[in-house]
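S.K.: To start, I am sharing the structure in question, which I have written as C-alpha cells.
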Amino acid sequence: MSEKPTYDFPDGPKWPAWLSTWRFLRNRYKYVPPLHEKYGDTFLMRILPGPRKLVVFSDPADIKEIFASDPSQFHAGEGNMILKPVMGPHSVLVTDDAEHQRARKLLMPAFTGPSMRAYQPLVEAIAKIEVDSWRDGDKLLTLDRMNAVTLDVILQVVFGVTDEERLAVLRPKVNRMVNIEAKMLLAWSYPRLFALPPWRGYFKNQKAVDDILYAEIAERRQAHDLEGRDDVLSRLLRVGDETDEAPLSDAEMRDQLVTLLLAGHETTASALSWTLHELGRHPEILAKALEAADNGDDAYLEACLKEGMRIHPIIDFVARTLQSDQVVCGRLLRKGTTVTPSIMLSHSREANFADSHRFDPERFLVGKIAPNTWIPFGGGVRRCIGAAFSLMEGTVVLREVLQRYSVEAPAVAPNKLRNITNVPGDKAPVKLTARVS
1 MSEKPTYDFP
11 DGPKWPAWLS
21 TWRFLRNRYK
31 YVPPLHEKYG
41 DTFLMRILPG
51 PRKLVVFSDP
61 ADIKEIFASD
71 PSQFHAGEGN
81 MILKPVMGPH
91 SVLVTDDAEH
101 QRARKLLMPA
111 FTGPSMRAYQ
121 PLVEAIAKIE
131 VDSWRDGDKL
141 LTLDRMNAVT
151 LDVILQVVFG
161 VTDEERLAVL
171 RPKVNRMVNI
181 EAKMLLAWSY
191 PRLFALPPWR
201 GYFKNQKAVD
211 DILYAEIAER
221 RQAHDLEGRD
231 DVLSRLLRVG
241 DETDEAPLSD
251 AEMRDQLVTL
261 LLAGHETTAS
271 ALSWTLHELG
281 RHPEILAKAL
291 EAADNGDDAY
301 LEACLKEGMR
311 IHPIIDFVAR
321 TLQSDQVVCG
331 RLLRKGTTVT
341 PSIMLSHSRE
351 ANFADSHRFD
361 PERFLVGKIA
371 PNTWIPFGGG
381 VRRCIGAAFS
391 LMEGTVVLRE
401 VLQRYSVEAP
411 AVAPNKLRNI
421 TNVPGDKAPV
431 KLTARVS
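Written as C-alpha cells, this is what we have:
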C-alpha cells in the first residue's frame with residue numbers, strides 16, 4: 001500500500017470560504033496586501049466555487065518558476081474558466097494544450113511588428129477625432145473618454161468595421177457587453193442564472209452582438225478585397241492559408257474576436273486613465289511628458305504608460321491550475337490547486353521597485369527592469385499576445401492628448417474592482433488646459 005503524500009500548503013486566513021470569496025471579489029486592494037504582510041510572499045486562500053485552494057506567490061524567483069512550468073500540467077485556461085460564458089469555449093484565454101497552441105499560432109501573425117505599423121495610423125486618426133471634441137477648461141472623465149477611444153480602436157482596427165451606421169449600432173451593444181459586473185461571471189458556476197434577470201438581459205444583448213459578428217464574418221469571407229485589408233479580422237481569415245493549421249471556424253473566430261474585445265478594450269482604457277491621472281498629480285513628470293509628446297519621444301510616453309500599469313495593475317493576478325500533484329517552488333501541492341502569481345504584490349514589492357508607491361516613469365528608462373517583476377501581461381507561453389498592441393495604442397493616444405492639452409487631477413482616485421479589472425472609482429477626472437501651439 002503506497003503512502004499518502006504529505007502536501008505542504010502555506011499558511012493563510014482561516015475564514016469561511018464564502019467570506020474569503022466575498023472580500024476577494026469586493027476589493028482585492030484592501031484584502032490581499034494585509035495577507036501578504038501577515039503571511040509573507042506565499043500564502044493560501046480558499047475561494048468558491050469548490051472551495052478551491054489558491055496559493056499566492058509574489059517572489060520573482062517563484063513567479064519565474066511558475067511561468068516556465070509545463071503548460072500541460074499548469075493549466076491557465078482552466079484558471080480563467082469563469083470567463084467562458086462570455087468569451088466562449090474556444091477563447092485563447094480559456095483553452096489549454098493543443099487547442100490553445102493552435103489558436104495562439106493562428107492569432108500571432110496579426111500582432112507582429114509589421115502588423116503594428118499598419119494599425120498605428122488608424123489608431124492615431126481615432127485618437128485625433130476624440131481629442132478634437134475636447135475644449136479648454138473641460139472637466140474630463142478620463143475613464144469614459146478612454147473607453148470610447150479604445151472601443152473604436154477595437155471596432156475599426158480589430159473588427160474592421162468603419163461604416164458609421166454599423167458603428168452606431170455596435171457601440172451601445174458592445175458597451176453593454178463590456179460593462180460586465182463580477183456577478184455576471186457567476187453564470188459559469190450556476191448556469192440556471194442564465195434565465196434570470198439581470199443575467200437574462202445581459203446574455204440576450206450578447207446574442208445580439210454575436211449575430212452581428214457572425215454576419216460580419218460571413219460577409220468578410222466573401223469580400224473580394226480581403227488581401228488588401230489590414231484589420232485583425234481580415235488577417236485572421238487569411239492566416240489559415242499561410243500556415244499548416246486548419247483555419248479558424250466561424251465559432252472560433254467569434255470567440256477570439258470577443259476575447260480581443262473584452263481583454264483589449266477596458267484594460268487599455270483603464271491603463272490610459274490611470275496614467276493621465278498620475279500625470280495630472282505630478283506636474284514635474286507631466287512637464288517631461290508634454291515635452292516628449294512635442295518631440296515625438298515615444299519611449300518616454302511608453303515609460304509613463306508602463307509605470308501607470310505598474311502602480312495600478314489592471315488585472316492583479318495570474319492563475320494556473322495544477323493537473324497533477326506538483327512540487328511548486330519547493331512545496332508539494334495537490335492536483336486541482338490553483339497557483340497564483342500576484343501582479344499586484346509583485347508591482348508593489350520594495351525589493352522589486354524601490355519606493356514602489358511613487359510614480360516614476362524613469363524606472364523604465366534608466367537601467368533595466370528585473371525579469372518577472374513587471375508582469376501586467378502575464379508571462380511564459382501564456383503571455384498576452386496583444387501586449388505590443390496595447391503599448392502601441394496607449395502611447396499613440398497619450399501623444400495625441402498631450403500634444404494639445406495639459407492635465408490636472410484634483411484628488412487621488414480610489415480603486416474600484418469592476419468585473420476582473422481595476423479602474424478609477426471616480427473615473428479619474430482631470431481638468432484640461434489647452435496648450436499654446
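Each residue of the sequence shown is one higher than the last, beginning at 1 in my numbering.
Positions of the beta carbon are idealized from the N, C-alpha and C atoms, including for glycine.
1. According to DSSP, is PRO198 part of a helix, a strand, or is it coil?
2. Cβ of PRO33 within 7 Å of any heavy atom in the ligand MN?
3. Here's the rule: buried if 16 or more other CB atoms are within 10 angstroms of the residue's CB, otherwise exposed. What is LEU106?
4. Compare the C-beta of ASN175 against all C-beta atoms of chain B and say whether one is closer than 8 Å.
5. Using CA coordinates, which residue listed in LEU140, ILE82 and THR6 is at the minimum distance from PRO191?
6. Hey, how far is the Cα of ARG363 from the Cα of LEU193?
7. Given a threshold of 16 other Cβ atoms within 10 Å of its Cβ, counted over all protein chains shown, does VAL366 qualify as buried or as exposed?
8. Look at ALA127 and VAL407 and say whether their C-beta atoms are less than 8 Å apart.
9. CA-CA distance, SER270 and ARG238?
10. Using CA coordinates, which residue listed in ALA428, SER356 and ILE66 is at the minimum distance from ALA413?
11. Quick check: the region 50-62 against the region 325-343, are at least 3 beta-carbon pairs closer than 8 Å?
12. Start and end of the alpha helix (DSSP H) containing TYR29?
13. I'd like the list of long-range same chain contacts for THR21, defined as Cβ closer than 7 Å, with 5 residues on each side in sequence excluded.
14. Determine the DSSP secondary structure at ARG439, reduced to helix, strand or coil.
15. Could you please give me the residues that DSSP links to ARG52 through a beta bridge?
16. Should the region 260-269 be regarded as contacting the region 283-302, the criterion being three or more beta carbon pairs within less than 8 Å?
17. Between LEU44 and THR373, what straight-line distance do the alpha-carbon atoms span, to the nearest angstrom?
18. Determine the contact status of LEU155 and VAL161, defining contact as a CB-CB distance below 8 Å.
19. Is it right to say TRP274 is buried, meaning 16 or more other beta carbons lie within 10 angstroms of its own, or is it exposed?
20. Would you give the residue range spanned by the beta strand (DSSP E) that LYS416 belongs to?
21. Among the candidates ALA303, GLY201, GLU245 and ILE63, whose CA atom is the shortest distance from the CA of PHE359?
22. So, is SER91 buried or exposed, given that buried needs 16 or more other C-beta atoms within 10 angstroms?
23. Count the other CB atoms within 10 Å of the CB of VAL430; is the residue buried (16 or more) or exposed (fewer)?
24. Taking all protein chains shown into account, do 16 or more other C-beta atoms lie within 10 angstroms of the C-beta of TRP199, making it buried, or fewer, making it exposed?
25. Is THR340 helix, strand or coil by DSSP?
26. Have a look at ARG320 and THR338 and give me their C-alpha separation to the nearest angstrom.
27. Please report the residue range of the alpha helix (DSSP H) in which TYR119 lies.
28. Helix, strand or coil, according to DSSP, for GLU400 in the structure here?
29. Rounded C-beta distance between MET87 and ASP255? I'm assuming under 8 Å.
30. Pairing CB atoms from the region 69-77 with CB atoms from the region 377-387, are three or more of them under 8 Å?
31. What does a CB cutoff of less than 6 Å around SER356 pick up in its chain, not counting 5 residues either side in sequence?
32. Roughly how many angstroms lie between the CA atoms of ARG404 and ALA387, to the nearest whole one?
33. Could you compute how far the alpha carbon of PRO33 sits from the alpha carbon of LEU54?
34. Any idea if HIS224 is buried or exposed, counting beta-carbon neighbours within 10 angstroms, 16 or more meaning buried?
35. Does the Cβ-Cβ distance between GLU278 and ILE311 come in under 8 Å?
36. So, for MET146: in the same chain, excluding its five sequence neighbours on each side, which residues have a beta-carbon less than 6 Å away from its beta-carbon?
M.R.: Taking the structure as given:
1. Within the sequence shown, numbered from 1, the residue matching residue 198 stands at position 198. Reduced to three states, the DSSP call for PRO198 is coil.
2. Among the ligands in the structure shown, none appear at all, so the ligand MN cannot be discussed.
3. As a working note, residue 106 is residue 106 in the sequence shown. LEU106 comes out buried.
4. Given the protein chain composition of this structure (a single chain), no chain B is represented.
5. Position 191 of the sequence shown holds residue 191. Among LEU140, ILE82 and THR6, the Cα nearest to that of PRO191 is on ILE82.
6. Reading the sequence shown from its first residue, position 363 is the one you call residue 363. Reading the sequence shown from its first residue, position 193 is the one you call residue 193. Answer to the nearest angstrom: the Cα atoms are 46 Å apart.
7. Looking up residue 366 in the sequence shown gives position 366. Burial call: exposed.
8. Along the sequence shown, read from residue 1 onward, the residue named residue 127 stands at position 127. Along the sequence shown, read from residue 1 onward, the residue named residue 407 stands at position 407. Cβ atoms of ALA127 and VAL407: not closer than 8 Å.
9. Counted from its first residue, the sequence shown places residue 270 at position 270. Counted from its first residue, the sequence shown places residue 238 at position 238. Cα to Cα, SER270 sits roughly 32 Å from ARG238.
10. As a first step, residue 413 must be located in the sequence shown, where it is residue number 413. Residue ALA428 is the option with its Cα nearest to ALA413.
11. yes
12. One-based indexing of the sequence shown puts residue 29 at position 29. First-last of the alpha helix (DSSP H) with TYR29: 28-39.
13. For the purposes of this step, residue 21 is taken as the residue at position 21 of the sequence shown. Answer for THR21: ILE47 and LEU48, listed in chain order.
14. Only positions 1 to 437 of the chain appear in this structure, which leaves residue 439 out of reach.
15. Start at 1 with the first residue of the sequence shown, and residue 52 comes out as number 52. In the DSSP output, where bridge partners are listed per residue, ARG52 has ILE47.
16. no
17. Residue numbering aside, residue 44 sits at position 44 when the sequence shown is read from its first letter. Residue numbering aside, residue 373 sits at position 373 when the sequence shown is read from its first letter. Each residue's Cα considered, the two are about 21 Å apart.
18. Stepping through the sequence shown from its first residue, residue 155 is reached at position 155. Stepping through the sequence shown from its first residue, residue 161 is reached at position 161. Closer than 8 Å, so yes.
19. Start at 1 with the first residue of the sequence shown, and residue 274 comes out as number 274. Classification for TRP274: buried.
20. As a working note, residue 416 is residue 416 in the sequence shown. Per DSSP, LYS416 belongs to the beta strand (DSSP E) from 415-418.
21. In the sequence shown, residue 359 corresponds to position 359, counting from 1. The candidate whose alpha carbon is nearest that of PHE359 is ALA303.
22. Working through the sequence shown from its first residue, we reach residue 91 at position 91. By the 10 Å Cβ count, SER91 comes out buried.
23. Start at 1 with the first residue of the sequence shown, and residue 430 comes out as number 430. Buried, because 16 or more other Cβ atoms sit within 10 Å of the Cβ of VAL430.
24. For the purposes of this step, residue 199 is identified with residue 199 of the sequence shown, where counting begins at 1. TRP199 is buried by the Cβ-count criterion.
25. In the sequence shown, residue 340 corresponds to position 340, counting from 1. THR340 falls in the strand class under three-state DSSP.
26. As a first step, residue 320 is located in the sequence shown; it is residue number 320 there, counting from the start. As a first step, residue 338 is located in the sequence shown; it is residue number 338 there, counting from the start. The straight-line gap from Cα to Cα measures roughly 5 Å.
27. Residue numbering aside, residue 119 sits at position 119 when the sequence shown is read from its first letter. Unbroken alpha helix (DSSP H) run through TYR119: 113-132.
28. Counting from one through the sequence shown, the residue named residue 400 turns up at place 400. GLU400 falls in the helix class under three-state DSSP.
29. Indexing the sequence shown from 1 puts residue 87 at position 87. Indexing the sequence shown from 1 puts residue 255 at position 255. Between ASP255 and MET87 the Cβ distance is about 6 Å, and since that is below 8 Å, they are a contact.
30. yes
31. Your numbering for residue 356 matches position 356 in the sequence shown. Taken in chain order, the residues that qualify are SER348 and GLU350.
32. To locate residue 404, count along the sequence shown from 1; it is residue 404. To locate residue 387, count along the sequence shown from 1; it is residue 387. Cα to Cα, the separation comes out at about 27 Å.
33. As a first step, residue 33 is located in the sequence shown; it is residue number 33 there, counting from the start. As a first step, residue 54 is located in the sequence shown; it is residue number 54 there, counting from the start. PRO33 and LEU54: Cα-Cα distance of roughly 15 Å.
34. Taking the first residue of the sequence shown as 1, we reach residue 224 at position 224. By the neighbour-count rule (16 or more Cβ atoms within 10 Å), HIS224 is not buried but exposed.
35. The residue you call residue 278 lines up with position 278 of the sequence shown. The residue you call residue 311 lines up with position 311 of the sequence shown. Contact: yes.
36. Looking up residue 146 in the sequence shown gives position 146. Contacts found: ALA269, LEU272 and SER273.
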